[in-house]
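Once you know that position 367 of the sequence shown is 367 in full-length UniProt numbering, the rest is easy, because the numbers rise by one and skip nothing. Idealized CB from N, CA, C, for every residue including glycine.
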Amino acid sequence: MILGICDGHNASASLIDKDKILFAMSEERFTRKKNQRGFPEKSINYILNKVKDNEIDYVSIGGVFRRGERIRKLKEFQNKINKKFLYFYHHMAHSYLFKLSEFKEALVISIDGGGDGLSFLASIANKNNLEIIAQSDLIDSVGDFYASITELLGFKPMEDEGKVMSLSSYEGEDDIDLTTIDYITELKSFKNYLRVIGYEATKALKKLIVKDKSQLSFEDKVRISKFAQRTLENIVLKAIDDLSNEYNINNIVFVGGVAQNVKLNSKIAEKYNLFVPPFMGDEGLCLGASLADKKIDRININNTYFGYEIDNKKVEKILDELKNKLNDYKIDFIEEKEIPEIIGNLIVENNVVCLVRGKMEFGPRALGNRSVIALPTKENKEKINKKLKRSWFMPFAPTILYEFVDEYLINPRYSPFMTQIFKVKEDKIKEIEGVIHVDKTTRPQTLKKESNKTYYEIIKYIYDSIGIPVVLNTSFNLHGEPIVCNEKDAINSFLRADFDALLLGNYLISKVK
1 MILGICDGHN ASASLIDKDK ILFAMSEERF TRKKNQRGFP EKSINYILNK VKDNEIDYVS
61 IGGVFRRGER IRKLKEFQNK INKKFLYFYH HMAHSYLFKL SEFKEALVIS IDGGGDGLSF
121 LASIANKNNL EIIAQSDLID SVGDFYASIT ELLGFKPMED EGKVMSLSSY EGEDDIDLTT
181 IDYITELKSF KNYLRVIGYE ATKALKKLIV KDKSQLSFED KVRISKFAQR TLENIVLKAI
241 DDLSNEYNIN NIVFVGGVAQ NVKLNSKIAE KYNLFVPPFM GDEGLCLGAS LADKKIDRIN
301 INNTYFGYEI DNKKVEKILD ELKNKLNDYK IDFIEEKEIP EIIGNLIVEN NVVCLVRGKM
361 EFGPRALGNR SVIALPTKEN KEKINKKLKR SWFMPFAPTI LYEFVDEYLI NPRYSPFMTQ
421 IFKVKEDKIK EIEGVIHVDK TTRPQTLKKE SNKTYYEIIK YIYDSIGIPV VLNTSFNLHG
481 EPIVCNEKDA INSFLRADFD ALLLGNYLIS KVK
């Protein structure tokens with residue numbers, strides 16, 4: 001077995017055994033601090049409580065350069081566990097996630113704000129090896145540029161880039177006249193596709209970042225977001241086009257934090273066969289470093305349920321501890337076979353239900369085990385936005401049963417991990433308007449039964465009842481907090497959000513009506 005560690009941004013830990021992922025989880029879920037940095041002590045402890053030290057062959061570390069406290073923590077753990085430690089460069093660890101794809105040969109593109117001195121790495125994956133063909137350092141960081149735009153708009157960099165992407169879809173001017181905006185005039189002088197942005201652009205943008213963000217109107221934010229998104233797409237697509245033509249490869253594996261941009265991903269998928277791992281950001285470094293092992297060929301995954309597992313006995317204990325807070329709620333134990341009908345009926349009756357059961361998802365998306373679900377209506381969108389304290393302009397995503405995607409989406413592809421967007425057919429927009437963005441696109445989880453049987457059967461029951469094989473599905477967390485992890489997190493967040501019902505393991509907690 002290989003224990004994987006990422007001890008930087010969005011710290012995480014994982015455990016691989018031969019051709020199977022046993023565990024993978026982000027430290028933020030345990031500490032309740034978004035994008036937790038540092039040694040993932042709680043994640044590692046959870047894993048080590050499930051296996052014996054002598055079952056672990058060695059420890060793989062994502063990222064090479066570190067200092068101070070990070071080195072000390074790793075050395076302390078190495079002395080404790082007494083295993084060999086292997087370190088892998090940041091972008092190589094990202095890139096080895098290609099082993100989760102089905103491609104025999106692929107062009108692997110890793111792009112993010114930066115890691116181990118690089119912001120861009122291109123490789124050719126052949127069998128289980130990587131051959132580096134191009135790279136770019138931090139001065140040309142496309143991820144840093146987009147993060148700077150995020151901060152310029154008053155959002156949190158390295159966390160709220162999705163808000164910039166969402167704003168770029170609103171109606172507004174497509175172009176910014178660089179000659180009239182002094183804080184980005186330096187961008188005009190860059191010519192190379194890897195030198196259009198980066199350090200110099202970020203330095204120029206900081207001239208506005210220090211100003212009062214309230215000076216920017218919504219229209220200004222839309223305009224700047226469109227510029228940022230267009231620039232990102234042009235640069236990345238130009239790089240991929242050039243490398244694909246040079247090496248005659250049409251299979252693309254896209255990794256790194258920039259691969260969280262689903263609008264960009266869909267642009268790539270229009271021209272190439274694309275695979276984006278469901279944990280494309282730094283949380284995936286722990287797994288990527290482990291997959292660098294030459295003995296591992298490929299690992300097939302159809303879900304991301306590798307984290308903390310809800311235990312009914314722990315649920316009972318927590319319910320007893322918090323019984324005074326739950327006086328206004330009804331609590332029932334539901335047999336597994338009864339869940340689809342009971343939860344399905346709650347949804348059909350227009351309730352908002354939180355699902356917290358089984359193993360927690362790994363990566364940024366909730367895919368049915370730590371989700372809030374409801375009918376995909378505009379009213380439910382507005383209600384859930386308010387309760388979760390989300391930004392009003394952020395879209396919700398749907399889960400769609402895979403066999404129905406052709407009825408709802410234009411040119412659909414299997415997208416089980418919410419890594420791409422698709423245009424929605426005109427005749428279906430009204431039916432599912434709560435999960436459609438202003439540009440008539442949606443970011444679906446296209447669900448097959450083998451990925452999550454119970455979740456699938458809940459939606460199938462809804463379809464059999466009212467003819468809609470779609471639910472609104474958003475991650476169960478209040479805005480600014482990580483997705484809920486354990487039994488106590490679920491109940492606390494449920495009470496704070498004040499939703500209609502919570503399925504916690506096999507226990508249904510619902511408002512008394």
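| Item | Value |
| --- | --- |
| For serine 12, three-class secondary structure by DSSP | strand |
| Residue ranges of each alpha helix (DSSP H) within the UniProt domain "Carbamoyltransferase" (2-62), 4 or longer | 28-31, 41-48 |
| Nearest-angstrom Cα separation, counted from isoleucine 44 out to alanine 228 | 38 Å |
| Buried or exposed (CB count within 10 angstroms, at least 16 for buried), lysine 20 | exposed |
| For isoleucine 491 and tyrosine 463, the rounded distance between their alpha carbons | 29 Å |
| Rounded C-alpha distance that separates serine 26 from arginine 37 | 10 Å |
| Cβ contact check for the stretch 266-286 and the stretch 117-137: 3 or more pairs under 8 Å | no |
| Opposing strand residues paired with aspartate 332 [DSSP bridges] | Leu508 |
| Backbone CA spacing between isoleucine 132 and proline 398 [nearest angstrom] | 37 Å |
| Beta-bridge pairing of leucine 167 - partner residues as DSSP gives them | Answer is none; leucine 167 lacks a bridge partner. |
| Top-ranked residue by Cα proximity to leucine 97, from Ser119, Ser123, Asp160 | Ser123 |
| Where arginine 370 falls: helix, strand or coil (DSSP) | strand |
| Glycine 4 burial status per 10 Å Cβ neighbour count (16 or more: buried) | buried |
| C-beta atoms of glycine 368 and methionine 280 nearer than 9 Å | no |
| Reference asparagine 82; option with closest CA among Asp57, Val64, Glu105 | Asp57 |
| Own chain residues within Cβ distance below 7 Å of proline 482, not counting five before or after | Glu28, Arg29, Arg32, Lys34 |
| Exposed unless 16 or more other CB atoms sit within 10 angstroms - verdict on asparagine 10 | buried |
| Per-residue DSSP class, three states only, for glutamate 131 | strand |
| Sequence-distant residues of its chain with Cβ nearer than 6 Å to arginine 195 (five each side left out) | Low local confidence applies: a pLDDT of 40 at arginine 195 is under 50, so the model's placement there is unreliable, with the coordinate-based value given in what follows. If we look at arginine 195 and ignore the five residues flanking it on each side, its Cβ neighbours are Asp140. |
| Reference glycine 8, options Arg67, Asn302, Glu316, Lys295, closest by Cα | Arg67 |
| Cβ separation of asparagine 261 and methionine 165, assumed to be a contact under 8 Å, to the nearest whole Å | 6 Å |
| Among Pro469, Lys430, Met92, the one whose alpha carbon lies nearest that of valine 405 | Pro469 |
| Inter-residue spacing [alpha-carbon to alpha-carbon] between aspartate 489 and asparagine 250 | 44 Å |
| For lysine 294, three-class secondary structure by DSSP | coil |
| As assigned by DSSP and simplified to three states, the class of phenylalanine 85 | strand |
| Chain-order list of residues whose beta-carbon lies under 6 Å from that of phenylalanine 494 (same chain, five-residue window excluded) | Cys354, Leu502 |
| Spatial neighbours of isoleucine 509 in its chain, beta-carbon cut-off 6 Å, leaving aside the 5 residues before and after | Tyr329, Ile331, Leu502 |
| CA nearest to the CA of threonine 442, picked from Ile459, Pro412, Val315, Asp311 | Pro412 |
| Buried versus exposed call for serine 391 [16 or more other C-beta atoms within 10 Å across all chains shown] | exposed |
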